[in-house]
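A.B. asks: Protein chains in written order, with my numbering: chain F, 16 to 326; chain Z, 307 to 541.
Where a beta carbon is used, it is the ideal one built from N, C-alpha and C, also for glycine.
Quantities reported herein were computed from a predicted structural model and do not represent experimental measurements.
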Amino acid sequence: MKPALSVVFFTVASGAGLGLAVWVLAWQLAGRVDGSVRAFWVAVAVAALLLTAGLLSSTGHLANPRNAWRAFSRFRSSWLSREGVLAVAFYPLAAAHLVFSVGGDPRARATAVAAIALALAIVVCTAMIYACLRTVPRWRTWHTVVGYLLFALASGGLLWAAILVSDGRAAPSWTLLLAPVVGAALVKLAWDAKFSDRVHATLNEAIGVPVSAAPGRVQGRVRLLDPGHATRTFLTNEFGFELARERAASLRLAMYALTVGAPVLAAIAAPGAAGRWAAALALLAGVLVERWLFFARAEHVVRLYHGQTRV
Amino acid sequence: MSRLGLVIDVDACVGCHACATACKEWNGASLMAGGAPDYDAHGAEPTGVWFNRVRHYEAGEYPASRTLNVPMSCMHCETADCVTVCPTGASYKRAEDGIVLIDAEKCMGCNYCAWACPYGARELDTDSGTMRKCTLCVDRIHDTALPEPERQPACVLACPAHARHFGDFDDPSSRVSTLVREREGAPLLEKLGYRPTNRYLPPRAAAEVPPPATVPPRGTLQSRLASLVDRLIRL
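1. Of all the beta strand (DSSP E) runs that stay within the bounds of the region 312-374 of chain Z, which reach a length of 3 or more residues?
2. For PRO286/F and chain Z, any beta-carbon pair shorter than 8 Å?
3. What residues match up with SER397/Z in a beta bridge as DSSP calls it?
4. Please list the segments of the beta strand (DSSP E) lying wholly inside the region 226-289 of chain F, counting only runs of 3 or more residues, in order along the chain.
5. Give a yes or no on whether the minimum CB-CB distance between GLY366/Z and chain F is below 8 Å.
6. Can you look up THR26/F in the DSSP assignment and give me helix, strand or coil?
7. Have a look at the DSSP bridge pairing and note the partners of ASP212/F.
8. Based on Cα-Cα distance, which residue from ARG47/F, LEU71/F, ALA136/F lies nearest to LEU33/F?
9. Let's see if you can read the secondary structure: which residues bound the alpha helix (DSSP H) around MET143/F?
10. Can you name the residues of chain F whose CB is closer than 8 Å to the CB of SER371/Z?
11. Does any CB atom of chain F fall closer than 8 Å to the CB of MET414/Z?
12. Along chain F, in chain order, which residues have C-beta atoms closer than 8 Å to that of LEU407/Z?
13. Considering Cα atoms alone, identify which of CYS423/Z, CYS413/Z, ASP344/Z is closest to MET378/Z.
14. Are there 16 or more other CB atoms within 10 angstroms of the CB of LEU442/Z, so buried, or fewer, so exposed?
15. Ignoring anything shorter than 4 residues, give me the alpha helix (DSSP H) runs that lie fully in the region 137-204 of chain F, in order along the chain.
16. Does THR324/F get closer than 8 Å to chain Z when you measure Cβ to Cβ?
17. What is the DSSP secondary structure of PRO107/F, counted as helix, strand or coil?
18. Check the C-beta distance from ARG457/Z over to ARG446/Z and give it rounded, since I have them as a contact under 8 Å.
19. Name the residue from LEU239/F, LEU64/F, LEU77/F whose alpha carbon lies nearest to the alpha carbon of GLY322/F.
20. My assumption, with CB atoms under 8 Å, is that TYR398/Z sits in contact with LEU407/Z. Please give the rounded CB distance.
21. Could you pull the start and end residues of the alpha helix (DSSP H) that GLY69/F belongs to?
22. Counting only Cβ pairs nearer than 8 Å, list the residues of chain F close to LYS497/Z.
23. Per DSSP, which one or two residues make a beta bridge with TYR506/Z?
24. Grouping DSSP H, G and I as helix and E and B as strand, with all else coil, what is LEU463/Z?
25. Of the choices GLY321/Z, ASP344/Z, CYS319/Z, ALA427/Z, whose alpha-carbon is the least far from that of GLU331/Z?
26. Interface residues of chain Z around ARG232/F at Cβ under 8 Å?
27. List, in chain order, every chain F residue whose beta-carbon is nearer than 8 Å to that of MET378/Z.
28. Counting only Cβ pairs nearer than 9 Å, list the residues of chain F close to ASP270/Z.
29. Since GLU384/Z and THR503/Z should fall inside the 8 Å C-beta cutoff, what is the C-beta to C-beta distance between them, to a whole number of angstroms?
30. How about THR274/F and ALA200/F: are their beta carbons less than 8 Å apart?
31. Select from TRP292/F, THR217/F, VAL22/F the residue whose C-alpha is nearest the C-alpha of LEU319/F.
32. Rounded to whole angstroms, what is the Cα-Cα separation between ASP387/Z and PHE309/F?
33. Look up ASP49/F in the DSSP assignment and say whether it is helix, strand or coil.
34. Please report the straight-line C-alpha distance between HIS244/F and THR324/F, rounded to a whole angstrom.
35. Report yes if the C-beta distance between VAL37/F and GLY171/F is below 8 Å; otherwise report no.
36. Counting beta carbon pairs with one atom in the region 488-507 of chain Z and one in the region 516-526 of chain Z, are three or more of them shorter than 8 Å?
Here's what the structure looks like:
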């Protein structure tokens with residue numbers, strides 16, 4: 016699939032913003048921060064900025080954004096619509112929670128729990144936009160949903176730690192921060208192992224020609240002679256993205272170095288505020304690489320009709 | 307209630323692209339289809355929106371090989387994921403005849419429906435920013451102002467090899483139902499579970515074409531003269 020940068024940025028930024036919201040709200044529920052703490056408001060601002068920037072970016076790949084408002088209408092069937100509806104519902108809930116938090120209203124506990132649940136639900140919806148597609152076998156797996164959740168929590172966690180340390184407060188323990196980091200890396204490794212040599216559909220199946228044992232029928236391996244078009248088409252643009260093997264390998268290495276290497280190095284070096292921010296930004300850069308690869312390496316079955324022998 | 311669709315006879319298709327160009331001609335001006343624009347049509351990189359594309363394949367090894375021409379357009383699936391995933395409600399499937407259509411007035415051009423389609427049936431019109439697809443010529447097939455034989459999709463009428471057939475798959479006595487029964491018509495990529503309506507009649511095995519026989523080489527002038535002398539002596 017063509018890795019559209021607006022969509023790559025959308026999934027990473029909104030995931031990080033929602034992950035950060037989950038951490039702040041959990042810290043508040045645990046009684047570790049409240050509305051009188053500066054770090055709380057910095058985190059709220061960063062989370063709102065990331066989520067909003069992500070959602071705005073997601074409209075960047077629309078060819079007819081005038082109708083974007085209609086995307087809230089089909090939430091009963093479309094994960095894309097659900098994502099939009101829940102993301103927009105998050106703002107009034109978060110606003111109500113902030114008002115309760117400032118006023119010391121006891122309802123703040125309920126709104127915090129609800130906002131955590133909603134934030135996680137939005138990340139699941141974002142992942143399901145891709146995981147529900149039967150046309151992209153590499154996406155249609157639990158790895159997609161769990162990966163999106165863990166990367167959101169990992170990036171939110173490191174951001175929250177950096178914000179707390181900058182405010183002169185104790186960060187979450189490294190065990191807690193590294194759990195989603197390592198979990199996400201393990202999910203990526205499992206995903207790679209699962210799809211390294213799996214064949215979901217072949218060109219023969221795509222045009223209905225058996226490879227052998229079909230008396231009276233055309234049989235044998237099928238190959239493309241001519242795609243019927245002289246240059247690129249909408250389909251080759253959208254689904255024909257080719258990623259060289261070596262480039263994929265080096266990007267994967269960079270992804271693991273940034274998403275796992277940087278946070279682990281930070282845990283060992285036990286840095287101050289600047290180091291914490293560096294670790295958080297390195298992780299975010301790594302998640303951007305991960306998400307770019309998520310699109311670039313996904314193979315749509317329509318590629319079979321353009322001559323790829325297996326997907 | 308009916309289930310309208312196409313039967314494509316891969317055995318008969320000659321790969322002439324008449325269906326694809328007839329489709330462009332009809333739908334380019336069709337209000338229902340919303341148009342099918344071309345970009346840089348006579349330039350170095352011509353491209354454009356096609357609702358029907360014909361691709362050419364080869365199966366088997368020479369001399370037992372065959373060229374297969376496979377026209378593909380919307381399969382008007384019963385489990386149409388393109389409709390399910392559409393966030394705006396622009397994509398819909400008609401209950402009365404099963405035709406999958408796009409209401410361009412509602413489309414926001416997110417391409418998500420095209421991602422959900424395994425058959426490459428949907429293409430974006432970048433002029434309007436809205437998605438395009440085969441309408442099964444919904445503005446022909448129900449038009450009672452047309453003589454009855456012409457109430458068929460443009461691609462079916464245009465096909466010089468009669469490789470395309472249009473009809474109701476819910477009617478067991480229809481031409482399409484009969485063809486599917488007699489010729490073991492099958493949907494493409496059935497394993498994905500979209501339950502496409504269109505059926506493809508599998509190509510029959512062609513008689514094997516033997517490679518050309520090798521002609522014995524003609525001898526030199528000297529040897530040919532010698533053999534002529536030999537034959538003359540034997541007379």
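C.D. replies: Checking against the coordinates, here is how it stands:
1. 359-365
2. no
3. ILE408/Z
4. 237-241
5. yes
6. helix
7. The partner list for ASP212/F (beta bridge, DSSP) is empty, contrary to what the question assumes.
8. ALA136/F
9. 123-146
10. GLY235
11. yes
12. By Cβ distance, chain F contributes nothing, its closest Cβ being about 15 Å from LEU407/Z, past 8 Å.
13. CYS423/Z
14. buried
15. 157-181
16. no
17. helix
18. 6 Å
19. LEU239/F
20. 6 Å
21. 53-73
22. ALA216, GLU220
23. ILE314/Z, ALA492/Z
24. helix
25. ASP344/Z
26. PRO508, PRO509, ARG510, ALA511
27. TYR320
28. Residue 270/Z cannot be examined here, being either before or after the span of chain Z that is shown, 307 to 541.
29. 7 Å
30. yes
31. THR217/F
32. 21 Å
33. coil
34. 19 Å
35. yes
36. no
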